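>
Number of protein chains: 2
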Amino acid sequence: MFTSKKSFEPQWSEEPPREGTYRAVFKWGAPDGFKHPNHRLYAMLKEKFNMTDDDFREKRKTGDEPVVCDAPVRISQDQVGWFKNTIGAENVHADDFSRVKYASGKTLEEAMMLRNGINGDTADLVLHPRDKEDVKAIVDYCNTEKIPVYVYGGGSSVNFGVRCVKGGVVLVMGTYMNRILEFNETNGTITVEPGMMGPEYEQILNDAPERLGAKRSYTCGHFPQSFEYSSVGGWIVTLGSGQQSSYYGDMKDIVVSQEYVTPAGTIRTLNYPSTATGPKVSDIMIGSEGAYGVLVSATLKIFRYTPGTRKRFAFIFPSWESTVDAAREIFQGEFGTPSVFRISDPEETDVALKLYGVEGSPFDKIMDFKGYRPRERCLCIGHTEGERGYSKNVYANVKRICKQYGGMSLTGYPVKQWEHGRFADPYMREDLNDYGIMIDTLESGVSWDALHRLHQGVREYIKARPNTICMTHASHFYPQGTNLYFIFIGKMDELDQFRIFHRGVIDRIVAHGGSLSHHHGVGKMIGPWMDAHLGKEQMGVLRALKKHFDPNNIMNPGGSLGLDLADWEKRKAPGHRR
Amino acid sequence: MFTSKKSFEPQWSEEPPREGTYRAVFKWGAPDGFKHPNHRLYAMLKEKFNMTDDDFREKRKTGDEPVVCDAPVRISQDQVGWFKNTIGAENVHADDFSRVKYASGKTLEEAMMLRNGINGDTADLVLHPRDKEDVKAIVDYCNTEKIPVYVYGGGSSVNFGVRCVKGGVVLVMGTYMNRILEFNETNGTITVEPGMMGPEYEQILNDAPERLGAKRSYTCGHFPQSFEYSSVGGWIVTLGSGQQSSYYGDMKDIVVSQEYVTPAGTIRTLNYPSTATGPKVSDIMIGSEGAYGVLVSATLKIFRYTPGTRKRFAFIFPSWESTVDAAREIFQGEFGTPSVFRISDPEETDVALKLYGVEGSPFDKIMDFKGYRPRERCLCIGHTEGERGYSKNVYANVKRICKQYGGMSLTGYPVKQWEHGRFADPYMREDLNDYGIMIDTLESGVSWDALHRLHQGVREYIKARPNTICMTHASHFYPQGTNLYFIFIGKMDELDQFRIFHRGVIDRIVAHGGSLSHHHGVGKMIGPWMDAHLGKEQMGVLRALKKHFDPNNIMNPGGSLGLDLADWEKRKAPGHRR
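Sequences listed follow chains G and Z, in order. Heads up: the first sequence runs through residues 168 to 745, numbered per our numbering. Heads up: the second sequence runs through residues 168 to 745, numbered per our numbering.
(1) Name, please, each residue of chain Z whose Cβ falls closer than 7 angstroms to the Cβ of Ala375 (chain G).
(2) If you check the beta carbons only, do Ala481 (chain Z) and Ile548 (chain Z) fall under 8 angstroms apart?
(3) Using a Cβ cut-off of 8 angstroms (strictly closer), state whether Thr356 (chain Z) contacts chain G.
(4) Can you tell me whether Pro233 (chain G) is helix, strand or coil according to DSSP?
(5) With H, G and I counted as helix, E and B as strand and the rest as coil, what does DSSP make of Ala290 (chain G)?
(6) For Val422 (chain G), count neighbouring C-beta atoms within 10 Å of its own C-beta (all shown protein chains included) and say buried if the count is 16 or more, exposed if not.
(7) Taking the beta strand (DSSP E) that Ile434 (chain G) belongs to, which residues open and close that run?
(8) Does Gly648 (chain G) have its Cβ less than 8 angstroms from a Cβ in chain Z?
(9) Of the residues that make up the segment 327-358 of chain G, which ones have a beta carbon closer than 9 angstroms to any beta carbon in chain Z?
(10) Is the distance from the Cβ of Met340 (chain Z) to the Cβ of Leu662 (chain Z) below 8 angstroms?
(11) Considering just the uninterrupted stretch of the beta strand (DSSP E) at Met605 (chain Z), what are its terminal residues?
(12) Nearest CA to the CA of His619 (chain Z): which residue from Z:Ile676, Z:Glu176, Z:Pro183, Z:Asp420?
(13) Taking Val363 (chain Z) as the reference, which of Z:Gly688, Z:Gly322, Z:Leu730, Z:Cys236 has the closest Cα?
(14) Can you list the beta strand (DSSP E) stretches of 3 or more residues lying completely in the segment 313-371 of chain G, in chain order?
(15) Can you grab the Cα-Cα spacing for the pair Ser174 (chain G) / His686 (chain G), in whole Å?
(16) How about Pro361 (chain Z) and Gly400 (chain Z): do their beta carbons lie closer than 8 angstroms?
(17) Quick check: the Cα distance between Arg435 (chain Z) and Asn217 (chain G), rounded to an integer number of angstroms?
(18) With a cut-off of 8 angstroms, does the C-beta of Thr639 (chain G) fall near any C-beta of chain Z?
(19) So the candidates are Z:Thr386, Z:Glu496, Z:Val491, Z:Glu456; which of them puts its Cα closest to the Cα of Arg471 (chain G)?
(20) Should Glu704 (chain G) be flagged as near chain Z, meaning a C-beta pair shorter than 8 angstroms?
(21) Where Gly690 (chain Z) and Asn560 (chain Z) are concerned, what is the direct C-alpha to C-alpha distance, given to the nearest angstrom?
(22) Consult DSSP for Thr253 (chain Z) and reduce its assignment to one of helix, strand or coil.
(23) Within the same chain, show all residues whose beta-carbon is closer than 7 angstroms to that of Glu186 (chain G), passing over the 5 residues directly before and after it, in chain order.
(24) Could one say the Cβ of Gln499 (chain G) lies closer than 8 angstroms to chain Z's Cβ atoms, at least one of them?
(25) Output yes if chain G places a C-beta closer than 8 angstroms to the C-beta of Thr608 (chain Z); else output no.
(26) Is the segment 261-278 of chain G touching the segment 213-228 of chain G, taking contact as three or more C-beta pairs under 8 angstroms?
(27) Thinking C-alpha only, which one of G:Gly657, G:Lys313, G:Glu395, G:Cys236 is nearest Pro198 (chain G)?
(28) Does any residue of chain G have a CB that is nearer than 8 angstroms to the CB of Asn723 (chain Z)?
(29) Distance cutoff 8 angstroms, beta carbons only. Does Phe470 (chain G) sit that close to anything in chain Z?
(30) Is Gln664 (chain Z) helix, strand or coil when you go by DSSP?
(31) Going by DSSP, which residues form a beta bridge with Gln425 (chain G)?
(32) What are the start and end residues of each continuous beta strand (DSSP E) run of 3 or more residues lying completely inside the segment 501-554 of chain Z, in chain order?
(33) At least one CB of chain G closer than 8 angstroms to the CB of Glu276 (chain Z): is that the case?
(34) State the Cα-Cα distance for the pair Gly729 (chain Z) and Val461 (chain G), rounded to the nearest angstrom.
(35) If you compare alpha carbons, which of G:Ser441, G:Leu599, G:Met605 is closest to Ser412 (chain Z)?
(36) Using three-state DSSP, classify Met452 (chain G) as helix, strand or coil.
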């Protein structure tokens, strides 16, 4: 019998949250979806944070209480009546759970608040528009009545993008507005409504011969980590980038044209592959995060679905410097680009090797012997795509360059592992939070020449906090630079303490040459830094557009993109409650 | 003796225009640069236009008279004094020739006017700013004094981009502001002033090891037909595309960041490879054609200079349809892209084969025999670039697809010929004009599914005019579509007649699903169509930005981008004189 040897394992939550509870609001992904820390990660957490099994015997606040929303409703019964008449009573909801759920994104801060029964900024009324006409009627009416309008896509915002800071109505786009409007195989485009969710969208394209009458299968090319719980509209309005953006491009590159309903009218941008008719309104609208108008449809590029041509690689490098140099040479080499390409800094590499059981294994000893030492070595994984000859040529060049910069091949196995779990990691957050451990991320776009300064500057700040893990990777590449994605984990469950720490990371990012965001967008969380980051002249441009589209400031008001900062500034003080 | 057999040849102009003459204003390119019609083209012109040698014995109006500009100067002596004090008296010119030259682009219409001694819209004062500070001072002062500000880059505008419709001052950017400001090999970028001309810019990059201390040679990747007489700033503000755009991207893709001096302040856009911080101000400024502000510097991507990897191809196809289908398959095939890729419709193909002496040759008979018939067959030429394996793979796929769609290889010889003369063709215009033959072009961006409709619709209009050549090609390719470039040649030297005909082509383009411009920009010529083409909502956005940047409408006023149409509308009537 081995029972005596069985080590303690925390009782990770395995139950879907009860309907109507706070946990049902903040839990990531599918209600019955879970990914728990494995025993190695559990051991590491205890070791890093000076915790014992005893710390994992009882959960902290789990948010299992029913949502109660007692914030006053600022919409009159007459107004509610108008909405019910216009879009159907069944599509207008004012229950407590809806008011909180559709005003909440997926930041750690919101989860911490909700665990404590703090609703934050709630909607007054939740609307499920059926089509573009509904959206037009709602926006026109709200503009007349000066009712704030928020938009909820997949709800995966990690920067308070969907928080209804001023109350008002929130439009849930996924209920009805999730249809394919047009498929144009000749032009290689598809026109979709914004509430279409990632997996459904990709499945339709993969099954294009059966479902769209196409000659072949396609892929959307956009796979953010939030893929399973984010919407096409959200990808667009936040300037998202998928994990395969180095080949398919950022969302900005994938969008051909868009249609927005704004208080100043409905705008359908030109639908040409390229045109020289002045500044492109599509480029002006993209990334506007609901502050100029509501995206009601978009025409996107599609790509050939050729999983059979994928070639996987993984390398271990002796140092972060050599890894970065190899990555730069790969993306400046003009031989095409890998699709997935990710490099991890030494701390992330050490954690990964530990979690996969490599640490201390015979293979670890071989790496060490060959000069790939803990706290120095760096992982690089990726794969290529596209037409067979293209994919093969990129693969050959990647291998050549990695070896040239001191990399040792680990075969394609690690990237297969990564592909398998690529969308599942966020599920672990709830487990850690249940025992008072915070895990959060911030990310930044950066030019090659500022990369090391940014990396060191942010790490210095995070690591100054005792017993805090800081893992960094780069995962979106351009000839001119990349992004840095910082993951920080520590024992911390005090909301105010977390806010101060988290905002400090943002301060460090901008102070060390990073952009405020590479692909998470701005939302209301990063808004306060926008003026300093873009400068008053550029912010003046964004505000002039805001004034044009939305003179009454009803579209996603209260700090979005830093456009109406005054209100938000008050909220910067830790501990603010509405 | 063979003299008796020597056929008549027109006395094409071989003399550089005399300084200070109208011809010195409108002649394309280098004063001593010429390319004359060869004897085959000459024969074709006579045949097509029912002309005889007698029609070529005497030139029409050649513009050899000295420029006289008697338009009143609307700038006071005090104001002139301020300019002289501020940027140096030697940089302020008010002579007749300067006032006309720096207010003239390279449209056929302007050339026809100048041949007739009609100046059109002239500047009051010509300024040669020495640096950004000069530009700032000028724009601030002009904003206070309400003096119109125009910008002259290379002067190759083909849509009245530089015409000083409201008088005022014109800034000549090429005199001083043509410097490299920064070279950043790590980031793969270079920062230049806007007055840098194409050949100098490319030469510096080719010679980067010697001139910039670089590790390798680079190329700018942007080679419009106007390359030798256009400026980097002009490429940017008009949304230009080079002949190799299918590989290097349009100018919009090449620009990383920009700096503009506007009446609302100086804007330096963010300099990141990618960022998700709201609508990107660089995208908002690009293509603004001087109507929002003056571009004073730009940071651009550079590319590896690898002429040794170039692989050339040429094919003849049995029909326009099969040529277009092959092109579409090539640009949707995801194996990389050729750099130069051009397809000619049957009329352009027939003209090309005639000019190169293929018509009637034994090779012509072989083509005919194999099913590549006159009035049906189409030429395709191009080359690949990039890293060796990439270039080779693209080449192999292009060959495969061309053959699959019925193309027969003509070896790489035709594209070598094309490369040799690629920038020289515009020189022939003056020769034709000298004998009353007009040659002009218009072009349009188009989705694949609208290509044939656009092609047929425009041809129908042009060919309805008796004895008129209409050649069409596509030369910039995307997975979603391409452009169509229409060249029309006919016997016509009446200005009003030309205007009506030319504006009719534009009408046809927009009526048949083409964009108003693919890479020539809008200028003041196409402005009147902008409202209908973009719609009032999109034009409202461009006008809101105009109001923000330039509330006094001093920046390139008088019809640019169709922003202040009222003034321009008056000018649409044929025969208008100022």
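A virtual CB, placed ideally from N, CA and C, is assigned to each residue, including glycine. Please read all numbers here as calculations on a predicted model, not as lab measurements.
Straight from the coordinates:
(1) Start at 1 with the first residue of the first sequence, and residue 375 (chain G) comes out as number 208. Here the premise fails: no neighbours, minimum Cβ distance about 14 angstroms.
(2) Counted from its first residue, the second sequence places residue 481 (chain Z) at position 314. Counted from its first residue, the second sequence places residue 548 (chain Z) at position 381. Closer than 8 angstroms, so yes.
(3) In the second sequence, residue 356 (chain Z) corresponds to position 189, counting from 1. By this cut-off, Thr356 (chain Z) is an interface position.
(4) Counted from its first residue, the first sequence places residue 233 (chain G) at position 66. Residue state, collapsed to three classes: strand.
(5) Translated into the one-based positions of the first sequence, residue 290 (chain G) becomes position 123. It is coil, neither helix nor strand.
(6) Taking the first sequence and counting its residues from 1, the one referred to as residue 422 (chain G) is at position 255. It is buried - the Cβ of Val422 (chain G) has at least 16 other Cβ atoms within 10 Å.
(7) Taking the first residue of the first sequence as 1, we reach residue 434 (chain G) at position 267. Where Ile434 (chain G) is concerned, the enclosing beta strand (DSSP E) stretches over 432-435.
(8) Taking the first sequence and counting its residues from 1, one reaches residue 648 (chain G) at position 481. Answer yes: the Cβ-Cβ gap between Gly648 (chain G) and chain Z drops below 8 angstroms somewhere.
(9) Asn351, Thr353, Asn354, Gly355, Thr356
(10) Walking along the second sequence from the start, residue 340 (chain Z) turns up at place 173. Walking along the second sequence from the start, residue 662 (chain Z) turns up at place 495. No; because the gap between Cβ atoms is not below 8 angstroms, this pair is not in contact.
(11) Counting from one through the second sequence, the residue named residue 605 (chain Z) turns up at place 438. 604-614 is the span of the beta strand (DSSP E), which, as asked, contains Met605 (chain Z).
(12) Indexing the second sequence from 1 puts residue 619 (chain Z) at position 452. His619 (chain Z) has its Cα closest to that of Z:Ile676, out of Z:Ile676, Z:Glu176, Z:Pro183, Z:Asp420.
(13) Numbered from its first residue, the second sequence carries residue 363 (chain Z) at position 196. In the sequence on display, residue 363 (chain Z) carries Met and not Val. Checked all of Z:Gly688, Z:Gly322, Z:Leu730, Z:Cys236; the closest Cα to Met363 (chain Z) is Z:Gly322.
(14) 316-319, 336-339, 347-351, 356-359
(15) Here residue 174 (chain G) corresponds to residue number 7 of the first sequence, with the count starting at 1. Here residue 686 (chain G) corresponds to residue number 519 of the first sequence, with the count starting at 1. So the two alpha carbons sit approximately 41 angstroms from each other.
(16) As a first step, residue 361 (chain Z) must be located in the second sequence, where it is residue number 194. As a first step, residue 400 (chain Z) must be located in the second sequence, where it is residue number 233. Against a cut-off of 8 angstroms, the Cβ pair of Gly400 (chain Z) and Pro361 (chain Z) comes out as a contact.
(17) Position 268 of the second sequence, counted from the first residue, corresponds to residue 435 (chain Z). Position 50 of the first sequence, counted from the first residue, corresponds to residue 217 (chain G). Rounded to the nearest whole angstrom, the CA to CA distance from Arg435 (chain Z) to Asn217 (chain G) is 48 angstroms.
(18) Numbered from its first residue, the first sequence carries residue 639 (chain G) at position 472. At a cut-off of 8 angstroms between C-beta atoms, Thr639 (chain G) does not count as an interface residue with respect to chain Z.
(19) As a first step, residue 471 (chain G) must be located in the first sequence, where it is residue number 304. Checked all of Z:Thr386, Z:Glu496, Z:Val491, Z:Glu456; the closest Cα to Arg471 (chain G) is Z:Glu496.
(20) The residue labelled residue 704 (chain G) in the question sits at position 537 within the first sequence. The Cβ of Glu704 (chain G) sits closer than 8 angstroms to at least one Cβ of chain Z.
(21) Within the second sequence, the letter at position 523 stands for residue 690 (chain Z). Within the second sequence, the letter at position 393 stands for residue 560 (chain Z). If I take the Cα positions, the gap works out to 40 angstroms.
(22) Start at 1 with the first residue of the second sequence, and residue 253 (chain Z) comes out as number 86. Three-state DSSP puts Thr253 (chain Z) in a helix.
(23) Position 19 of the first sequence, counted from the first residue, corresponds to residue 186 (chain G). So no residue of the chain qualifies.
(24) Within the first sequence, residue 499 (chain G) is the residue found at index 332, counting from 1. So yes, Gln499 (chain G) belongs to the interface.
(25) Indexing the second sequence from 1 puts residue 608 (chain Z) at position 441. Closer than 8 angstroms: no.
(26) no
(27) Taking the first residue of the first sequence as 1, we reach residue 198 (chain G) at position 31. Residue G:Glu395 is the option with its Cα nearest to Pro198 (chain G).
(28) Translated into positions along the second sequence, residue 723 (chain Z) becomes position 556. By the rule that beta-carbons nearer than 8 angstroms mark a contact, Asn723 (chain Z) does not touch chain G.
(29) As a position in the first sequence, residue 470 (chain G) is number 303, starting the count at 1. Yes - at least one Cβ of chain Z is within 8 angstroms of the one on Phe470 (chain G).
(30) For the purposes of this step, residue 664 (chain Z) is taken as the residue at position 497 of the second sequence. Note: Gln664 (chain Z) maps to helix in three-state DSSP.
(31) Locating residue 425 (chain G) in the first sequence gives position 258, where the first residue counts as 1. Answer is G:Ala465.
(32) 507-511, 545-551
(33) Taking the second sequence and counting its residues from 1, the one referred to as residue 276 (chain Z) is at position 109. False, the Cβ-Cβ gap to chain G never drops below 8 angstroms.
(34) Locating residue 729 (chain Z) in the second sequence gives position 562, counting from the first residue. Locating residue 461 (chain G) in the first sequence gives position 294, counting from the first residue. Separation of Gly729 (chain Z) and Val461 (chain G) (C-alpha to C-alpha, rounded to the nearest whole angstrom) is 27 angstroms.
(35) Position 245 of the second sequence, counted from the first residue, corresponds to residue 412 (chain Z). Nearest option by C-alpha distance: G:Ser441.
(36) Sequence index remark: in the first sequence, residue 452 (chain G) carries index 285 (1-based). Looking at Met452 (chain G) - three-state DSSP - the assignment turns out to be helix.
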